[in-house]
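Enquirer: Sequence lines, in order, name chains F and G. Its first residue numbered 12, the first sequence is counted upward by one per residue in the numbering used here. Its first residue numbered 9, the second sequence is counted upward by one per residue in the numbering used here.
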Amino acid sequence: MTAHFADNRWNRKENGQKRVVITGIGAVTPLGNTVKESWHNLVAGESGIAPITLFDASQYPVKIAAEVKNFDFDGCVPEDINPYLGRGTKFCIHAVKEALEHARLDLEKQDTSLMGIALGSDEEGAQIKHFEEMFDVEHIRDFLEARRSARTLTHPYPHLLNSKLLGQIWPIRRSAHIAANIVSILFNIKGPISTSASACASSAQAVGKAMRTIQDGDADIMITGGCDSMIGEFHVSGFNRLRALSRNNDNPEKASRPFDLKRDGFILGEGAGILVLEELSHAKKRNANIIAELAGYGSSSNAYRLTASPEDGQGVDICMKTALRDAGCTIEDVDYINAHGTSTYLNDKSETAAIKNVFQDRAYEIPISSNKSMLGHLIASAASIELIISALTINENVIPPTINYEFPDPECDLDYVPNVPRKSQVDTILSNSFAFGGQNASVLLKRFQ
Amino acid sequence: MSRRVVVTGLGAVTPLGNSVEENWKALIEARNGIAPICSFPTHTLPVCIAGEVKDFKPRSFGIHPKSLKVMNKTIQYALAGVHLALGDARLNKDDYEPSDVGIAWGVDGIQYSAEEFLLACYEAVGKDMKNYVCAEGDTAHAPIKTRDPGLAVHPLWPLSVLANMALCHIAIQHNLQGPNIALSSIDASGAQAISEAFKAIRRGGCDLYVAGGSYGLNTMHILSFASSDLLSTKNRACMPFDRERDGCILGEGGAALVLEDLGHAQGRGAPIYAEIVGSSFLCDGAGDRSCAQHSGTAWKAMSMCISSALQDAGLLPGDIDFIHASGSGTAAADSMEASAIEHVFGQTAGSVPVAAGKALTGHMLPASGAFDALATVLSIRDGCIPPTKNHTETDTDRRLNIITKKALKKEIKYAISNTFGFSGEHVALVFKKFIH
Numbered sequence: 012m013t014a015h016f017a018d019n020r021w022n023r024k025e026n027g028q029k030r031v032v033i034t035g036i037g038a039v040t041p042l043g044n045t046v047k048e049s050w051h052n053l054v055a056g057e058s059g060i061a062p063i064t065l066f067d068a069s070q071y072p073v074k075i076a077a078e079v080k081n082f083d084f085d086g087c088v089p090e091d092i093n094p095y096l097g098r099g100t101k102f103c104i105h106a107v108k109e110a111l112e113h114a115r116l117d118l119e120k121q122d123t124s125l126m127g128i129a130l131g132s133d134e135e136g137a138q139i140k141h142f143e144e145m146f147d148v149e150h151i152r153d154f155l156e157a158r159r160s161a162r163t164l165t166h167p168y169p170h171l172l173n174s175k176l177l178g179q180i181w182p183i184r185r186s187a188h189i190a191a192n193i194v195s196i197l198f199n200i201k202g203p204i205s206t207s208a209s210a211c212a213s214s215a216q217a218v219g220k221a222m223r224t225i226q227d228g229d230a231d232i233m234i235t236g237g238c239d240s241m242i243g244e245f246h247v248s249g250f251n252r253l254r255a256l257s258r259n260n261d262n263p264e265k266a267s268r269p270f271d272l273k274r275d276g277f278i279l280g281e282g283a284g285i286l287v288l289e290e291l292s293h294a295k296k297r298n299a300n301i302i303a304e305l306a307g308y309g310s311s312s313n314a315y316r317l318t319a320s321p322e323d324g325q326g327v328d329i330c331m332k333t334a335l336r337d338a339g340c341t342i343e344d345v346d347y348i349n350a351h352g353t354s355t356y357l358n359d360k361s362e363t364a365a366i367k368n369v370f371q372d373r374a375y376e377i378p379i380s381s382n383k384s385m386l387g388h389l390i391a392s393a394a395s396i397e398l399i400i401s402a403l404t405i406n407e408n409v410i411p412p413t414i415n416y417e418f419p420d421p422e423c424d425l426d427y428v429p430n431v432p433r434k435s436q437v438d439t440i441l442s443n444s445f446a447f448g449g450q451n452a453s454v455l456l457k458r459f460q
Numbered sequence: 009m010s011r012r013v014v015v016t017g018l019g020a021v022t023p024l025g026n027s028v029e030e031n032w033k034a035l036i037e038a039r040n041g042i043a044p045i046c047s048f049p050t051h052t053l054p055v056c057i058a059g060e061v062k063d064f065k066p067r068s069f070g071i072h073p074k075s076l077k078v079m080n081k082t083i084q085y086a087l088a089g090v091h092l093a094l095g096d097a098r099l100n101k102d103d104y105e106p107s108d109v110g111i112a113w114g115v116d117g118i119q120y121s122a123e124e125f126l127l128a129c130y131e132a133v134g135k136d137m138k139n140y141v142c143a144e145g146d147t148a149h150a151p152i153k154t155r156d157p158g159l160a161v162h163p164l165w166p167l168s169v170l171a172n173m174a175l176c177h178i179a180i181q182h183n184l185q186g187p188n189i190a191l192s193s194i195d196a197s198g199a200q201a202i203s204e205a206f207k208a209i210r211r212g213g214c215d216l217y218v219a220g221g222s223y224g225l226n227t228m229h230i231l232s233f234a235s236s237d238l239l240s241t242k243n244r245a246c247m248p249f250d251r252e253r254d255g256c257i258l259g260e261g262g263a264a265l266v267l268e269d270l271g272h273a274q275g276r277g278a279p280i281y282a283e284i285v286g287s288s289f290l291c292d293g294a295g296d297r298s299c300a301q302h303s304g305t306a307w308k309a310m311s312m313c314i315s316s317a318l319q320d321a322g323l324l325p326g327d328i329d330f331i332h333a334s335g336s337g338t339a340a341a342d343s344m345e346a347s348a349i350e351h352v353f354g355q356t357a358g359s360v361p362v363a364a365g366k367a368l369t370g371h372m373l374p375a376s377g378a379f380d381a382l383a384t385v386l387s388i389r390d391g392c393i394p395p396t397k398n399h400t401e402t403d404t405d406r407r408l409n410i411i412t413k414k415a416l417k418k419e420i421k422y423a424i425s426n427t428f429g430f431s432g433e434h435v436a437l438v439f440k441k442f443i444h
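#1: Find the residues of chain G that neighbour F:Thr-363, judging by a C-beta separation of less than 9 Å, and give them in chain order.
#2: In whole angstroms, give me the CA-to-CA distance for F:Pro-167 and F:Gly-243.
#3: Residues of chain G with CB closer than 7 Å to the CB of F:Lys-239, please, in chain order.
#4: Below 8 Å on the Cβ atoms is my guess for G:Ala-415 versus G:Ile-83; work out the distance and round it to an integer in Å.
#5: From the DSSP secondary-structure annotation, give me the bridge partner or partners of F:Leu-305.
#6: Quick one: Cα of G:Gly-213 to Cα of F:Lys-360, how far?
#7: In this structure, what does DSSP give as the bridge partners for G:Cys-256?
#8: Could I get the ranges of all uninterrupted alpha helix (DSSP H) runs contained in the segment 58-96 of chain G, with 4 residues as the minimum, in chain order?
#9: Roughly how many whole angstroms lie between the Cα atoms of F:Asn-300 and F:Ala-294?
#10: Roughly how many whole angstroms lie between the Cα atoms of G:Ala-339 and F:Asp-337?
#11: Below 6 Å CB to CB, which residues in the same chain sit around G:Arg-39 once its five sequence neighbours on both sides are set aside?
#12: For F:His-388, list the residues DSSP reports as bridge partners.
#13: What does G:Leu-175 reach in chain F if we use C-beta pairs closer than 9 Å?
#14: In this structure, what does DSSP give as the bridge partners for F:Asp-438?
#15: According to the neighbour-count rule (16 or more other Cβ atoms, all chains shown, within 10 Å of its Cβ), is G:Ala-44 buried or exposed?
#16: Taking its Cβ as the centre, do 16 or more other Cβ atoms sit within 10 Å of G:Arg-155, making it buried, or is it exposed?
#17: Exposed or buried, G:Ala-199, counting other C-beta atoms within 10 Å across all chains shown (16 or more means buried)?
#18: Using 8 Å as the Cβ pair cut-off and three pairs as the minimum, do the segment 188-201 of chain F and the segment 417-427 of chain F touch?
#19: Measure the C-alpha to C-alpha separation of G:Ser-425 and G:Ile-202 and round it to an integer number of angstroms.
#20: Give me the chain G residues within the contact set of F:Pro-203, using Cβ-Cβ distance strictly less than 7 Å, ordered along the chain.
#21: Going along chain F in order, which residues have a C-beta closer than 9 Å to the C-beta of G:Arg-211?
#22: With the cut-off set at 8 Å, would you say G:Ala-205 and G:Tyr-217 are in Cβ contact?
#23: Given that a residue counts as buried once 16 or more other Cβ atoms are within 10 Å of its Cβ, and exposed if not, what is F:Gln-450?
#24: In chain order, what residues of the same chain have a beta carbon less than 7 Å from the beta carbon of G:Val-169, not counting five sequence neighbours either side?
#25: Here's the rule: buried if 16 or more other CB atoms are within 10 angstroms of the residue's CB, otherwise exposed. What is F:Ser-380?
#26: Using the C-alpha atoms, what's the distance from G:Ile-331 back to G:His-434?
#27: Whole alpha helix (DSSP H) runs in the segment 34-87 of chain F with 4 or more residues, listed along the chain?
#28: From the DSSP output, which residues share a beta bridge with F:Gln-450?
#29: Kindly list the residues whose CB is nearer than 7 Å to the CB of G:Ala-278, restricted to its own chain and excluding five residues on each side of it in sequence; keep chain order.
#30: Given a limit of 7 Å on CB to CB distance, which residues of the segment 312-323 of chain G reach chain F?
#31: Counting only the same chain and skipping the five closest in sequence on each side, list residues whose C-beta sits under 8 Å from that of G:Glu-144.
#32: Between F:Phe-250 and chain G, is there a C-beta pair that is closer than 8 Å?
#33: Run through the DSSP bridge pairs and tell me what F:Met-126 is partnered with.
#34: Using the three-state DSSP reduction, which class does F:Cys-103 fall into: helix, strand or coil?
#35: Among G:Phe-289, G:Pro-66 and G:His-91, which has the Cα closest to the Cα of G:Met-79?
#36: Compare the beta carbon distance of G:Ala-436 and G:Thr-396 with 8 Å and say whether it is the shorter of the two.
Listed below in structure tokens is the structure:
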């Protein structure tokens with residue numbers, strides 16, 4: 012059976028495969044509310060991490076996060092839907108506007124049925140105050156007691172019933188797909204739509220899906236990327252229970268330290284990153300500004316454990332190899348790796364091992380850096396923002412650093428571009444994303460020629 | 009010549025039964041799966057009936073009892089569907105190279121109840137619940153400490169709220185390391201997943217995919233759907249395309265299909281149910297801003313969806329022998345779908361048989377799209393169209409040929425399965441009887 016696979020796999024780079032290019036970018040990040048501002052702060056090695064302000068975190072073991080600052084929440088969406096939308100969706104709408112403007116796309120003149128949306132997002136981060144408005148104490152007590160004694164509830168859900176609010180905002184309007192739906196409605200887009208919700212790899216999978224949709228001829232233009240805002244009691248405590256978050260509360264800007272020996276977890280962040288992808292001939296016809304070419308994509312599963320990736324990088328390396336093969340590149344072609352680099356003990360070790368599996372000795376020659384050292388981990392939007400940064404790296408010939416790299420870890424012994432940005436010509440970039448549960452995705456980006 | 013993709017395995021657990029054949033028998037006999045909700049108390053809920061999966065034994069689907077702590081029902085039904093489908097396709101763990109099998113899975117993004125959410129929040133902070141659960145001086149009601157071991161949620165529980173967990177559990181249980189995508193939408197993602205798997209195989213990225221969707225019934229959805237006026241309040245099962253329809257009823261379940269490159273399937277002597285020849289997924293850009301109701305022009309996007317699926321398959325409307333409708337039973341949705349069918353099929357709209365299965369299973373949200381595709385495949389295999397239960401009288405101005413009362417025996421060459429989502433995400437899948 013395996014022999015059969017070998018015959019017809021990966022020979023799809025046949026004549027006439029459509030090429031996909033990036034023609035517009037937009038971002039809202041903890042380092043700035045536009046691409047320009049975020050990039051400026053990123054290459055300056057600034058940190059976007061600070062104490063949590065979205066809820067009272069004083070009693071939580073984790074008190075820091077990478078929040079978006081000074082964002083105009085009311086100005087970016089129509090008034091009638093404003094109350095229903097969460098932070099992530101608003102970041103998304105803002106970033107879509109920026110990306111469409113950047114791409115110089117006039118939607119009035121486009122056939123929007125050949126324009127699609129593929130976003131990566133998660134459910135809107137819930138804060139406990141939203142729920143406290145909807146419940147009454149008797150109900151909570153009853154629920155907790157019933158849970159302890161395994162008896163049935165005596166007066167179940169009375170206040171759920173009365174809560175029109177819960178019904179209206181949850182879950183129809185807070186679920187992961189809502190960002191894509193709202194974008195389709197606000198921008199009148201009628202083509203292929205999908206939402207990939209695969210935690211930390213969501214937007215990489217969305218970009219992959221968008222790329223394939225264009226290659227299949229189902230759309231000429233795709234709005235893709237991701238948005239997320241998980242900074243609430245629920246997710247902060249949830250990820251903390253998994254021992255995934257850094258507790259370096261006293262030095263927020265030092266907390267995210269990918270590949271450093273003293274790393275102790277990631278920092279939850281929020282934001283949105285949007286890319287406009289376009290079929291090459293379509294982009295040329297309208298004389299669009301081509302930022303970079305999306306040349307390859309690959310995904311895989313570890314099929315290992317829910318919370319840990321295998322230390323030897325098994326499974327994680329498959330998607331890197333697939334992306335290279337998809338782009339028709341060899342390991343010699345790659346000039347820079349934009350790492351997933353979350354700053355958790357296991358991820359960074361496993362990613363390093365996987366990079367060595369794929370690149371062998373060349374692994375030591377390739378600069379690798381993690382934007383999460385400055386941005387925090389933007390979960391569903393992380394991959395798309397890192398792709399935007401990668402595209403800018405190609406254009407500006409500057410590799411952003413991995414900040415807070417102070418104590419080398421013998422198990423992570425590659426070139427992580429420590430602390431200062433590096434001027435270097437970069438033509439081909441591999442960008443990695445790995446999710447909780449073991450879903451992996453890699454995207455290969457090339458200078459457009 | 010592009011590659012041909014065939015269906016070689018089916019698996020489903022639904023309110024109608026915990027195996028494919030049980031489900032198929034119930035569909036043909038129009039046996040109802042809707043009943044009063046048993047898995048949680050309902051006397052204050054606006055709607056107390058639903059289609060629940062019954063007699064579900066996780067162990068018989070290869071789920072280890074220890075793992076149940078970190079698996080909500082959406083995950084369990086996903087595992088059950090995939091377990092059945094892979095078995096049906098005669099694929100054992102030793103038969104495939106792990107990196108050669110892909111997964112596309114669809115779920116809804118919200119997978120916990122409001123109570124679970126609260127508990128997790130409070131427990132994490134270690135807050136004494138006293139202030140929250142009893143009035144001051146009320147000694148009869150001792151305070152509840154959330155650090156009470158009996159109350160503790162499993163440390164990994166927060167993981168189960170992530171929408172990709174169903175997919176990850178599938179990958180782990182069957183050691184599938186190939187390409188994958190976890191899709192999320194309120195009700196279209198199961199069908200989107202099948203479309204994605206089909207396109208990936210046809211494109212040549214992978215030879216074998218397991219695809220489908222799952223959903224576990226949850227109070228959040230009942231309340232949310234009810235307050236958006238999507239649920240029938242008459243406490244009876246939904247009535248697709250009937251004049252008196254007034255909303256849908258929720259159901260739960262999981263359905264999976266194994267899709268395979270034709271050469272690959274033949275190479276290993278796999279059973280072939282049908283061929284999948286076209287698909288389309290798109291959105292209604294003019295949708296309603298509530299993201300929960302169809303807009304008045306939704307039929308345009310729906311008919312565009314059907315047309316482009318036919319175009320993808322290289323077919324004309326006249327080629328289609330059977331339409332498995334979305335038929336969710338709400339006034340707006342069914343009327344929009346009927347308009348779309350009439351628009352695309354024109355003169356022939358009155359003669360193509362139409363059926364909808366949601367009257368029996370309830371609306372299983374993302375699982376429905378996958379289950380409808382599965383039922384369509386079985387209709388092709390057996391040349392048999394199951395009746396639409398609860399449909400007695402169509403809207404007077406409609407010309408649809410809705411199959412009611414009893415199953416219709418008919419040779420089917422091409423059939424289309426529609427999944428039209430409330431939030432304006434639409435999918436259409438075209439299947440063909442397999443001929444060498």
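Beta carbons: idealized from backbone N, C-alpha and C, even for Gly. Being a predicted model, the structure only gives us computed values, none of them experimental.
Expert: For this structure:
#1: Locating residue 363 of chain F in the first sequence gives position 352, counting from the first residue. The premise fails here: F:Thr-363 is roughly 20 Å from chain G at the closest Cβ pair, so nothing lies under 9 Å.
#2: Walking along the first sequence from the start, residue 167 of chain F turns up at place 156. Walking along the first sequence from the start, residue 243 of chain F turns up at place 232. Residue placement at F:Pro-167 cannot be trusted, given a pLDDT of 43 that sits under 50; what the coordinates show is reported in the next sentence. Their Cα atoms are separated by approximately 26 Å.
#3: Residue 239 of chain F sits at position 228 when you count from the first residue of the first sequence. Note on identity: in this sequence residue 239 of chain F is Asp, with Lys being the wrong assignment. What F:Asp-239 touches in chain G: nothing, since even the nearest Cβ is about 12 Å away.
#4: Along the second sequence, read from residue 1 onward, the residue named residue 415 of chain G stands at position 407. Along the second sequence, read from residue 1 onward, the residue named residue 83 of chain G stands at position 75. The Cβ separation is near 33 Å, so there is no contact.
#5: As a first step, residue 305 of chain F must be located in the first sequence, where it is residue number 294. In DSSP, F:Leu-305 forms a bridge with F:Val-31 and F:Leu-456.
#6: If you number the second sequence from 1, residue 213 of chain G lands on position 205. If you number the first sequence from 1, residue 360 of chain F lands on position 349. Straight-line Cα distance between these residues: approximately 29 Å.
#7: By one-based count along the second sequence, residue 256 of chain G stands at place 248. DSSP lists G:Leu-239 as partners of G:Cys-256.
#8: 81-96
#9: Here residue 300 of chain F is taken as the residue at index 289 of the first sequence, counted from 1. Here residue 294 of chain F is taken as the residue at index 283 of the first sequence, counted from 1. When rounded, the distance between both Cα atoms is 8 Å.
#10: Within the second sequence, the letter at position 331 stands for residue 339 of chain G. Within the first sequence, the letter at position 326 stands for residue 337 of chain F. Distance between the alpha carbons of G:Ala-339 and F:Asp-337: 47 Å.
#11: Numbered from its first residue, the second sequence carries residue 39 of chain G at position 31. Answer for G:Arg-39: no residue qualifies.
#12: The residue given as residue 388 of chain F occupies position 377 in the first sequence. Paired residues: F:Leu-279.
#13: In the second sequence, residue 175 of chain G corresponds to position 167, counting from 1. Here the neighbours are Ser-209, Ser-312, Gly-448 and Gln-450.
#14: Against the first sequence, residue 438 of chain F aligns to sequence position 427. BP columns for F:Asp-438 are empty, so no partner.
#15: For the purposes of this step, residue 44 of chain G is taken as residue 36 along the second sequence, with counting starting at 1. Reading off the sequence, residue 44 of chain G comes out as Pro, not Ala. With fewer than 16 other Cβ atoms within 10 Å, it is exposed.
#16: For this step, residue 155 of chain G is matched to residue 147 along the second sequence. With a pLDDT of 46 at G:Arg-155, under the threshold of 50, the modelled position of this residue cannot be trusted; read the value that follows with caution. By the 10 Å Cβ count, G:Arg-155 comes out exposed.
#17: In the second sequence, counting from the first residue as 1, residue 199 of chain G sits at position 191. Buried, because 16 or more other Cβ atoms sit within 10 Å of the Cβ of G:Ala-199.
#18: no
#19: Taking the first residue of the second sequence as position 1, residue 425 of chain G is located at position 417. Taking the first residue of the second sequence as position 1, residue 202 of chain G is located at position 194. Cα-Cα distance, rounded: 11 Å.
#20: Taking the first residue of the first sequence as position 1, residue 203 of chain F is located at position 192. Correct list: Phe-289 and Leu-290.
#21: One-based indexing of the second sequence puts residue 211 of chain G at position 203. Those within 9 Å of G:Arg-211 in chain F are Arg-23, Arg-223, Gln-226 and Asp-227.
#22: Reading the second sequence from its first residue, position 197 is the one you call residue 205 of chain G. Reading the second sequence from its first residue, position 209 is the one you call residue 217 of chain G. Cβ atoms of G:Ala-205 and G:Tyr-217: closer than 8 Å.
#23: Locating residue 450 of chain F in the first sequence gives position 439, where the first residue counts as 1. So F:Gln-450 counts as buried.
#24: As a first step, residue 169 of chain G is located in the second sequence; it is residue number 161 there, counting from the start. If we look at G:Val-169 and ignore the five residues flanking it on each side, its Cβ neighbours are Gln-119 and Tyr-120.
#25: Taking the first sequence and counting its residues from 1, the one referred to as residue 380 of chain F is at position 369. When all chains shown are included, F:Ser-380 counts as buried.
#26: Stepping through the second sequence from its first residue, residue 434 of chain G is reached at position 426. Stepping through the second sequence from its first residue, residue 331 of chain G is reached at position 323. For G:His-434 and G:Ile-331, the distance between alpha carbons rounds to 15 Å.
#27: 46-54
#28: If you number the first sequence from 1, residue 450 of chain F lands on position 439. The partner list for F:Gln-450 (beta bridge, DSSP) reads F:Ser-312.
#29: Stepping through the second sequence from its first residue, residue 278 of chain G is reached at position 270. Around G:Ala-278: Thr-16, Ala-97, Arg-98 and Glu-268.
#30: Met-312
#31: Within the second sequence, numbered from 1, the residue matching residue 144 of chain G stands at position 136. Low confidence applies here, because G:Glu-144 scores a pLDDT of 43, under 50, leaving its location unreliable; read the following figure in that light. Same-chain partners within the cutoff: there are none.
#32: Here residue 250 of chain F is taken as the residue at index 239 of the first sequence, counted from 1. So, interface residue.
#33: Against the first sequence, residue 126 of chain F aligns to sequence position 115. Partner(s): F:Ile-232.
#34: The residue you call residue 103 of chain F lines up with position 92 of the first sequence. The answer is helix: DSSP assigns F:Cys-103 an H, G or I state.
#35: Numbered from 1 along the second sequence, position 71 holds the residue referred to as residue 79 of chain G. Cα-wise, what sits closest to G:Met-79 is G:Pro-66.
#36: Stepping through the second sequence from its first residue, residue 436 of chain G is reached at position 428. Stepping through the second sequence from its first residue, residue 396 of chain G is reached at position 388. Cβ atoms of G:Ala-436 and G:Thr-396: not closer than 8 Å.
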